[in-house]
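Protein chains: 2
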Amino acid sequence: MDVNDFKILLVDDETDVLDFMKYNLEKEGFWVYTAHNGVEAIQMAKKMNPHLIILDLMMPKMDGIETCRELRNIPEFKNTIITFLTARDEDYSQIAGFEVGADDYITKPIKPRVFISRIRALLRRLETNETTGKFAVGDIEIDRERYVVVKAGKEISLPRKEFELMNLLVSKPGRVFKREEILSKVWGTDTIVGDRTIDVHIRKLREKIGDDYFKTIKGIGYKFDA
Amino acid sequence: MDVNDFKILLVDDETDVLDFMKYNLEKEGFWVYTAHNGVEAIQMAKKMNPHLIILDLMMPKMDGIETCRELRNIPEFKNTIITFLTARDEDYSQIAGFEVGADDYITKPIKPRVFISRIRALLRRLETNETTGKFAVGDIEIDRERYVVVKAGKEISLPRKEFELMNLLVSKPGRVFKREEILSKVWGTDTIVGDRTIDVHIRKLREKIGDDYFKTIKGIGYKFDA
DNA sequence: CTTGAATGTTAAGTTAAGGTTAATACATTT
DNA sequence: AAATGTATTAACCTTAACTTAACATTCAAG
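Chains as they are written, first to last, in this note's numbering: chain A, 135 to 360; chain B, 135 to 360.
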């Protein structure tokens, strides 16, 4: 996973702290979202699905501890990394923080270099677990972790390109992917392949998964449907 | 895994700091070992195979950073949690620490409650990953303590690299490990080995354990399956 | 109902990825 | 310092995966 794919949600009621962190993180290429309180934070988190959430402890409405607890109760955020932002020496908060499922805490005042370094260390944890992803549509399940497609409980293993193509199409069932788009996403922008290559791969998928899952939209592209 | 099974190695040149930490950790039921410098630390680590190592940054002979680097080069300690102990505000050390593969750092002076809480948070990570003890899948059992693989009751002893590779793959049966990932986890990020090295090791495993346990996903990596 | 551009199909050609082996370098024991 | 055991490399081999090309079929516009 590339640095530029990481999404970070910053939550703090003080706008200047927020801006300062945002500036530093964006400079490093992260996607940064912000919220001013716990309530906003949860809304934003649901929308953006960030990889890392940095929560200030002291906030109006809902404090960091409480926000963290709520987040941890939402299954989506079970694996999200949550870090607290605290003033030095707030011992009790630190303890409560860990108990409530925080992964780390960062002390204010923030020093850019340490801060960035810390963030990187935290995100490093994700890199191994982030290739992980299973999702299902109808009786088809795609398991990126094991690199297999499961159809009605039966494992079908596909070669790389076929798998990637399958994965792309299934990622948005019903949506039509233009040939161009497929080429750039599965083959990459710099590879040039002949006209029939996509068709041949679709053919193999139809053979292995089933004819009627893949629909051709002439002149446009293909779509997956259950 | 029970608290009482966790082994922690403390490394600091100041005996009273050492004693203080030791006292507090033992009170909580951890097994605590100590060392006064980097050299001792590495010896002790090899003997005790601790789950967590706390390294003071400033030490005679070999400092914390250097010790950490050395440790990370030993495959056994790839998954060991390493934390630095620093005086407040040693920014640069912190950065170097993370770069060298540290998981966290703890600031002095140590406050017992925060300290313990922190340690628990760190060790919690281990509970999910099966990094310790014995582990079995189907008729294959891996004994990490003794460095032995048991297949259908028969012990097969593997050399270190083969064992590490085996261990990695078996740790998540079915999951595909990318070549890169295997390299960084078994060989380490800083070692560069030729293209065929992984294959050769896989070959040896197939020879010793059985062909069909190891599946190749071309262009991606390998997975273990029973 | 034509018709031609777009896609389907098949099988044969390529190639990149991995398999295999043996030789060499490197480490440990004894 | 042999001897034994491990790890890595290099050279070559094998194949599945991928691509292409040639021909067949479809389907939607006229």
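Beta carbons are placed, not taken as given, at the ideal position from N, Cα and C, and that holds for glycine.
The structure presented is a predicted model; accordingly, all values stated were derived computationally and were not measured.
Would you say Ala360(A) and Gly272(A) are within 8 Å of each other, going by their C-beta atoms?
Contact flag set, yes.
Starting from Phe348(A) and walking both ways along the beta strand (DSSP E), at which residues does that stretch end?
Segment Phe348 to Ile351, the beta strand (DSSP E) holding Phe348(A).
Report yes or no: is there a C-beta of chain A within less than 8 Å of the C-beta of Arg309(B)?
Cβ-Cβ to chain A under 8 Å: yes for Arg309(B).
From the DSSP output, in three-state form, read off Lys319(A) for me.
In the three-state scheme derived from DSSP, where H, G and I count as helix and E and B as strand, Lys319(A) is classed as helix.
Nearest-angstrom Cα distance between Met300(A) and Lys349(B)?
One C-alpha to the other measures close to 21 Å.
At a CB distance below 7 Å, what residues from the region 273-302 of chain A approach chain B? Give them in sequence order.
If you check each beta-carbon in the region 273-302 of chain A against every beta-carbon of chain B, the ones closer than 7 Å belong to Glu279, Arg280, Tyr281, Pro293 and Arg294.
Can you list the residues of chain A that Lys357(B) reaches, using a CB-CB cut of under 9 Å?
Those within 9 Å of Lys357(B) in chain A are Arg280 and Tyr281.
Return the residues of the region 333-352 of chain B that lie within a Cβ-Cβ distance of less than 9 Å from chain A, sorted by chain order.
Cβ contacts with chain A come from Lys349, Ile351 and Lys352.
Taking three-plus beta-carbon pairs below 8 Å as touching, is the region 323-337 of chain A in contact with the region 268-286 of chain A?
Under the Cβ criterion (8 Å, minimum of three pairs), the region 323-337 of chain A does not count as touching the region 268-286 of chain A.
For chain A, find out if any of its Cβ atoms is closer than 8 Å to the Cβ of Ile354(B); answer yes or no.
Closer than 8 Å to some Cβ of chain A, the Cβ of Ile354(B) qualifies, so yes.
DSSP on Ile188(A), reduced to helix/strand/coil?
DSSP places Ile188(A) in the strand class (E or B) of the three-state scheme.
For His185(B) and chain A, any beta-carbon pair shorter than 8 Å?
With 8 Å as the cut-off, His185(B) does not count as an interface residue toward chain A.
Under the three-state DSSP convention, the category Gly272(A) falls into:
In the displayed model, Gly272(A) falls within coil according to three-state DSSP, outside both helix and strand.
Would you grab the beta carbon distance between Leu143(B) and Met178(B) for me? Rounded to a whole angstrom, and I think it's under 8 Å.
Contact between Leu143(B) and Met178(B) holds: their C-beta atoms lie close to 6 Å from each other, under 8 Å.
For Ala236(B), is the classification buried or exposed, using 16 other Cβ atoms within 10 angstroms of its Cβ as the cut-off for buried?
Around the beta-carbon of Ala236(B), 16 or more other beta-carbon atoms lie within 10 Å, marking it buried.
Best match in Thr220(A), Ile253(A) and Lys338(A) for proximity to Trp165(A) [C-alpha to C-alpha]
The option with the nearest alpha carbon to Trp165(A) is Ile253(A).
For Thr331(A), the first and last residue of its enclosing alpha helix (DSSP H):
Element bounds for Thr331(A): Thr331 to Ile343.
Every unbroken alpha helix (DSSP H) inside the region 159-208 of chain A [4 residues or more]
With a minimum length of 4 residues, the continuous alpha helix (DSSP H) runs that stay inside the region 159-208 of chain A are 172-182 and 198-206.
So is Ser305(B) buried or exposed if we call it buried at 16+ other beta carbons inside 10 Å?
Under this definition Ser305(B) is a buried residue.
If the criterion is Cβ atoms closer than 8 Å, does the pair Thr220(B) and Lys245(B) meet it?
It is not a contact, given that the beta carbons lie outside the stated cut-off.
With burial defined as no fewer than 16 other Cβ atoms inside 10 Å of the residue's Cβ, what is the status of Asn263(B): buried or exposed?
The pLDDT assigned to Asn263(B) is 47, lower than 50, so where the model puts this residue is not dependable; a value taken from the coordinates is nonetheless given after this. Residue burial annotation: Asn263(B) is exposed, with fewer than 16 other C-beta atoms found within 10 angstroms of its C-beta.
Which one of Gly344(A), Ile351(A), Lys319(A) and Ser291(A) has the shortest CA to CA distance from Gly308(A)?
Of the listed residues, the one whose Cα sits closest to Gly308(A) is Ile351(A).
Local conformation of Ile290(A) per DSSP, three classes:
Three-state DSSP puts Ile290(A) in a strand.
Taking the alpha carbon of Asn183(A) as the reference point, which residue from Glu210(A), Gly353(A) and Phe311(A) has its own alpha carbon closest?
Minimum Cα-Cα distance from Asn183(A) among the listed residues Glu210(A), Gly353(A) and Phe311(A) corresponds to Glu210(A).
Coarse secondary structure for Phe140(B), derived from DSSP in three states:
If DSSP states are grouped into helix, strand and coil, Phe140(B) belongs with coil.
Residues bridged to Asp277(A) [DSSP beta-bridge criterion]
Partner(s): Lys268(A) and Val282(A).
Between Ile343(B) and Ile290(B), how many whole angstroms is the CB-CB distance? I'm expecting something under 8 Å.
Going by Cβ atoms, the distance from Ile343(B) to Ile290(B) rounds to 7 Å, so yes, they are a contact pair.
What is the DSSP secondary structure of Lys357(B), counted as helix, strand or coil?
Note: Lys357(B) maps to strand in three-state DSSP.
Should Phe311(A) and Gly353(A) be called a contact, given that it needs their Cβ atoms to be closer than 8 Å?
Taking 8 Å as the Cβ cut-off, Phe311(A) and Gly353(A) do not qualify as a contacting pair.
N- and C-terminal bounds of the beta strand (DSSP E) containing Ile240(B):
Segment Asp238 to Lys242, the beta strand (DSSP E) holding Ile240(B).
Taking the beta strand (DSSP E) that Phe218(A) falls in, what are its first and last residues?
Phe218(A) -> beta strand (DSSP E) spans Ile215 to Ala221.
Compute the distance between the beta-carbons of Leu257(A) and Leu186(A), then report whether it is under 8 Å.
Yes, they are a contact pair.
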